[in-house]
Amino acid sequence: MKEIATPPAVEVPADLNITDLLERQVTADPANILFGRQLSPGQWTDVSAAEFRDQVVKIAKGLIGSGIEVGDRVAIMAPTRYEWTLLDFAIWYAGAITVPVYETSSPSQVAWIVEDAGVKLLFAETQNHQRIVERAVAQEKLQGLGQIHTIEGAGLDDIRAKGAGITEDQVIARRNVAAGADLATIIYTSGTTGRPKGCELTHSNFTELSLQALGSSLGSVVHKDASTVMFIPLAHVFARFISVLAVAGGSRVGHTSDIKDLVDDLGTFEPTFLLAVPRVFEKIYNAAMLKAESEGKGSIFAKAADTAIAWSRAKQQGKVPFTLGLKHTVFDKLVYSKLRARMGGQVRHAVSGGSPLGERLGHFFYGVGVQILEGYGLTETTAPLTVNTPELSKIGTVGAPLPGCAVKIAEDGEILGRGICVFRGYHNRPELDQEIFTENGWFRTGDVGTLDSDGCLTITGRKKEILVTAAGKNVSPAQLEDLIRADAIVSQAVVVGDNRPFVAALITLDVDTLPQWLKRQGLHPETPVTDLVKDQKIIDHVQSVIDRANESVSRAESIREFRLLHTDFTIESGHLTPSLKIKRPLVMKDFAEEVEALYADAARNKA
161 MKEIATPPAV
171 EVPADLNITD
181 LLERQVTADP
191 ANILFGRQLS
201 PGQWTDVSAA
211 EFRDQVVKIA
221 KGLIGSGIEV
231 GDRVAIMAPT
241 RYEWTLLDFA
251 IWYAGAITVP
261 VYETSSPSQV
271 AWIVEDAGVK
281 LLFAETQNHQ
291 RIVERAVAQE
301 KLQGLGQIHT
311 IEGAGLDDIR
321 AKGAGITEDQ
331 VIARRNVAAG
341 ADLATIIYTS
351 GTTGRPKGCE
361 LTHSNFTELS
371 LQALGSSLGS
381 VVHKDASTVM
391 FIPLAHVFAR
401 FISVLAVAGG
411 SRVGHTSDIK
421 DLVDDLGTFE
431 PTFLLAVPRV
441 FEKIYNAAML
451 KAESEGKGSI
461 FAKAADTAIA
471 WSRAKQQGKV
481 PFTLGLKHTV
491 FDKLVYSKLR
501 ARMGGQVRHA
511 VSGGSPLGER
521 LGHFFYGVGV
531 QILEGYGLTE
541 TTAPLTVNTP
551 ELSKIGTVGA
561 PLPGCAVKIA
571 EDGEILGRGI
581 CVFRGYHNRP
591 ELDQEIFTEN
601 GWFRTGDVGT
611 LDSDGCLTIT
621 GRKKEILVTA
631 AGKNVSPAQL
641 EDLIRADAIV
651 SQAVVVGDNR
661 PFVAALITLD
671 VDTLPQWLKR
681 QGLHPETPVT
691 DLVKDQKIID
701 HVQSVIDRAN
711 ESVSRAESIR
721 EFRLLHTDFT
731 IESGHLTPSL
741 KIKRPLVMKD
751 FAEEVEALYA
761 DAARNKA
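For the sequence shown, our numbering begins at 161 and goes up steadily by one.
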């Protein structure tokens, strides 16, 4: 199959904007709980639809009273928290446009976004964030940013106070200005290649995509009795879309800004569905495995995992053998129920995006009772272009197009997208719009994939990241990297080999999982990473991981050599995007000496 389009599931009015989704909730059931606000660890306070709207309107009044006009840009620089969504809706109610800024952004990154988007007012979480913004303003001599308010402290009270003279009717008039085709937000790409580009997403991108998704079988996941804990960055399009989707569906949403608190927060909030990037699911699996091994139950966990995967594969094929079903029931009581309890006990679905999940992990979680609905999309497609649904789920694929969307495979294998999710273009970059869209309006994703007979998409690589060895062999690094990164003690993997005689890899170690693993190996759990990269047990283990990964590719594509690095790739170091994607060009630049040494050592050993 080369092309598939999924027809719309519902009819959405052209003048509908995002604020209408909240208004619908208030009209239908003002007492329905839309948010759980965490005021102290484990203590959640419910916020109803009516209460949330009242809070939104008060801040919207303050924005209007602060001089914010229709179409003005207002930025939010904060981690994921309740106030992020509160401000987002308030900005829309004031008729303005939201510009997210990651809280980890440097002054130069902040300066670029503020200047390029024309930000007039900015909300910063803390005084530290405020200082970063002020430094950016001073360094770049920015003139347009007139106001900075902190979320913590008295900043929001100051905004509310400025709305004292603004009436409810003024807010209603403002929120009604935007039609579906109007700009709702400018989201800057996380910059895996070059300077971030501002993606202009409209109200229709969010409203139509949300309502079409709810009109599909995803409506059985996101609904009035459903709930989730938001922990991935709301500055990222994935979390942002789910946030709007949850309001449209009337689901209850909690927030946690520190992933270290996630397990505890899941236990007290008890969500019914989650959204995460694959690395989170890998960490959940590895943490459970290492915990079992530390308690002397490693072999039981391994058998339980194998059973879960086999059961899931059999279930997908339509028939589970009696003996396998019996084993699965036993392990459900012994192992799977405990793992579900770690996720709050009520989770039955999870939405995964950002990068490939991996078939084995997808089968494992489905086997333990959590169906991961893997999807695919970009900032330019308002997150999901395709997604697996409860009705059509094929593990190993990223599903079929959402209603109102279409996918086409170009002659060179590139995935093209079209439909209600596709953005209207890049901010201030019309020349890029000409490059990114085909003559007949298809959006070029830059990714490579295939469509199966059911219209489900499989991602096979990134067009610009295809490596070509000196022998002319094309190698897609993503598949190998995903398999290596799934190991318990591996944090990140970057496959190299462009214009080189063979394929190699740079590997970093996971400092969170290393101590338990080291203890089991008879090594001191606090051994410095600088020593571990030279330890033969570590080297042999990583080699075994690479050997297994190599089984998935031809010999010409297999990794011949690797190098363990002393330091990890992180968001703070600039080598990962906030959605945990590798910034390959920057890694290749900063670790050029290690790559050269790797190939030089291999050449000497061969000689």
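Note that CB positions come from ideal geometry on N, CA and C, so glycine has one too.
Beta-carbon contacts of residue i that lie in its chain and below 6 Å, excluding the five residues immediately before and after
| i | result |
| --- | --- |
| L499 | A448, V528 |
| T179 | W252, Y253, R335 |
| A209 | Q185, V186, P190, N192, L194 |
| M503 | L426 |
| V118 | Absent from the structure is residue 118, since the part of the chain shown begins at 161 and ends at 767. |
Of the listed residues the options, nearest to residue i (C-alpha basis)
| i | options | result |
| --- | --- | --- |
| A165 | E756, D492, G579, R295 | G579 |
| S380 | T610, K749, N548 | N548 |
| S454 | S200, F722, G682, Q676 | Q676 |
| A752 | P260, V713, G657 | G657 |
| L199 | S411, I319, A296, T416 | T416 |
| R720 | L683, T349, D761 | D761 |
| L666 | E599, D421, L758, L435 | L758 |
| Q506 | G513, S497, S512, G514 | S497 |
| E442 | L394, G414, P516, I460 | P516 |
| A452 | T240, V480, V495, K420 | V495 |
| L746 | V654, K697, G585, G456 | V654 |
| I768 | V437, G278, R320 | Given that the chain is displayed from residue 161 to residue 767, the structure contains no residue 768 and the question cannot be resolved. |
| R197 | R412, F583, I469, P260 | R412 |
| E625 | V582, M748, S553 | M748 |
| H587 | A238, G358, T730 | G358 |
| L182 | W204, E163, V217 | V217 |
| V407 | V207, P661, A763 | V207 |
| H701 | V713, E294, L724 | L724 |
| I444 | R355, A284, A501, S704 | A501 |
CA-to-CA distance, residue j to residue i, given in whole angstroms
| i | j | result |
| --- | --- | --- |
| G304 | V234 | 11 Å |
| D728 | V331 | 48 Å |
| P201 | D425 | 8 Å |
| R604 | P167 | 21 Å |
| K322 | F212 | 19 Å |
| T352 | E519 | Low local confidence applies: a pLDDT of 49 at T352 is under 50, so the model's placement there is unreliable, with the coordinate-based value given in what follows. So the alpha carbons of these two residues sit roughly 25 Å apart. |
| G410 | H289 | 32 Å |
| G325 | D317 | 15 Å |
| R715 | T388 | 44 Å |
| Q372 | W244 | 25 Å |
| G681 | F525 | Checking the sequence shown, residue 681 turns out to be Gln, not Gly. Their backbone Cα atoms lie some 28 Å apart in a straight line. |
| P738 | L378 | 26 Å |
| F697 | S459 | The residue you asked about is not Phe; residue 697 is Lys in the sequence shown. Distance between the alpha carbons of K697 and S459: 21 Å. |
| F433 | G414 | 12 Å |
| M390 | P550 | 21 Å |
| I619 | P260 | 28 Å |
| G315 | D385 | 34 Å |
| P637 | R622 | 9 Å |
| G734 | Q652 | 14 Å |
| T598 | A464 | 49 Å |
| K479 | A462 | 23 Å |
Sequence-distant residues of the same chain with beta carbon closer than 8 Å to residue i, five excluded per side
| i | result |
| --- | --- |
| T302 | According to the sequence shown, residue 302 is Leu rather than Thr. Result list for L302: A271, V274, E275, A296, in chain order. |
| D342 | N177, T362, H363 |
| L484 | T467, A470, W471, A474 |
| N634 | I626, L627, V628 |
| K554 | Q476, N548, D612, D614, C616 |
| E732 | T264 |
Beta-carbon separation (whole angstroms), residue i vs residue j, contact threshold 8 Å
| i | j | result |
| --- | --- | --- |
| L545 | G537 | 4 Å |
| G222 | A338 | About 19 Å; that fails the 8 Å criterion. |
| I319 | L282 | Contact flag wrong, Cβ pair sits at about 12 Å. |
| K694 | P685 | Incorrect: roughly 17 Å between the Cβ atoms, too far for contact. |
| Y262 | P438 | That belief does not hold up - the Cβ atoms of Y262 and P438 are roughly 20 Å apart, past 8 Å. |
| I228 | K280 | 7 Å |
| I292 | A238 | Wrong, their Cβ atoms sit about 12 Å apart, outside the cutoff. |
| I349 | P356 | The question names Ile, but residue 349 in the sequence shown is Thr. Right, the Cβ-Cβ distance comes to about 5 Å (below 8 Å), so this counts as a contact. |
| I257 | G225 | Not a contact, Cβ separation roughly 18 Å. |
Neighbourhood of residue i by C-beta, 7 Å cutoff - its chain only, sequence neighbours within 5 removed
| i | result |
| --- | --- |
| N765 | none |
| L740 | V437, R439, G514 |
Flag this pair as touching only if the stretch 169 to 182 and the stretch 359 to 379 have three or more C-beta atom pairs under 8 Å; answer yes or no. yes
Check whether the stretch 263 to 281 and the stretch 397 to 412 are in contact - that is, three or more C-beta pairs closer than 8 Å. no
The stretch 661 to 676 / the stretch 689 to 703 touching (three or more Cβ pairs under 8 Å): yes
Could you tell me whether the stretch 607 to 623 touches the stretch 555 to 573, using the rule of 3 or more Cβ pairs below 8 Å? yes
Is the number of C-beta pairs between the stretch 585 to 597 and the stretch 531 to 538 that are closer than 8 Å three or more? no
How do the stretch 699 to 712 and the stretch 639 to 655 stand: do at least 3 beta-carbon pairs fall below 8 Å, yes or no? yes
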